[in-house]
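Everything on this sheet refers to the single structure shown next.
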Amino acid sequence: MFSLWWIGVKWVPSGSTFLPAMVNSFIHVLMYLYYALSALGPKIEKYLWWKKYLTILQLIQFTTALFLGVHGIKSGCKFPIWMQYLLVIYMISFIVLFGNFYANAYVQKDTTNKSNIYRNYKYTKNVTCKSTKNN
Numbered sequence: 066m067f068s069l070w071w072i073g074v075k076w077v078p079s080g081s082t083f084l085p086a087m088v089n090s091f092i093h094v095l096m097y098l099y100y101a102l103s104a105l106g107p108k109i110e111k112y113l114w115w116k117k118y119l120t121i122l123q124l125i126q127f128t129t130a131l132f133l134g135v136h137g138i139k140s141g142c143k144f145p146i147w148m149q150y151l152l153v154i155y156m157i158s159f160i161v162l163f164g165n166f167y168a169n170a171y172v173q174k175d176t177t178n179k180s181n182i183y184r185n186y187k188y189t190k191n192v193t194c195k196s197t198k199n200n
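Heads up, the sequence shown is in the working numbering, so the first residue is 66 and it goes up one at a time.
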């Protein structure tokens with residue numbers, strides 16, 4: 066991602082590259098704060114409840130950048146068209162990757178826990194104890 070922002074800011078500088086790069090920098094400050102706190106060990110873990118919301122912020126960032134790219138293409142913005150298409154493709158890939166992470170880490174976890182409770186109940190309900198000792 067760094068290389069794309071560097072190309073944009075170096076060779077096609079404008080608000081279309083500067084603002085998303087600034088938002089991205091802000092999100093990364095929060096990410097590195099999370100990583101630093103999580104490296105302090107299990108005692109700090111209870112204060113890291115906001116990890117899920119950090120992922121949501123990242124998804125919002127990618128979705129906003131995607132809309133910015135699509136709008137630039139449709140409106141005939143003077144920003145280089147190749148960069149707009151590259152941004153759109155890049156943001157779609159991040160939305161898919163981070164969306165998949167979010168679904169696996171947060172959405173499916175709730176569903177899996179509920180189904181495991183039901184499955185465990187059915188299993189323990191039907192288990193009979195048999196002695197392996199010969200009487």
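Beta carbons are placed, not taken as given, at the ideal position from N, Cα and C, and that holds for glycine.
Under the three-state reduction of DSSP, F144 is assigned to coil, being neither helix nor strand. Around L152, the same chain offers A130, G134 as residues with beta carbons nearer than 7 Å, after the five sequence neighbours per side are excluded. Of the other Cβ atoms in all chains shown, fewer than 16 fall within 10 Å of the Cβ of M87; this residue is therefore exposed. The alpha-carbon separation between I154 and L98 amounts to approximately 28 Å. If you ignore the 5 residues before and after L124, its C-beta comes within less than 8 Å of the C-beta of I160, F163, G164, Y167, all in its own chain and listed in chain order.
For L119, the secondary structure class from DSSP, reduced to helix, strand or coil, is helix.
Around the C-beta of F91, fewer than 16 other C-beta atoms lie within 10 Å, and the residue is accordingly described as exposed.
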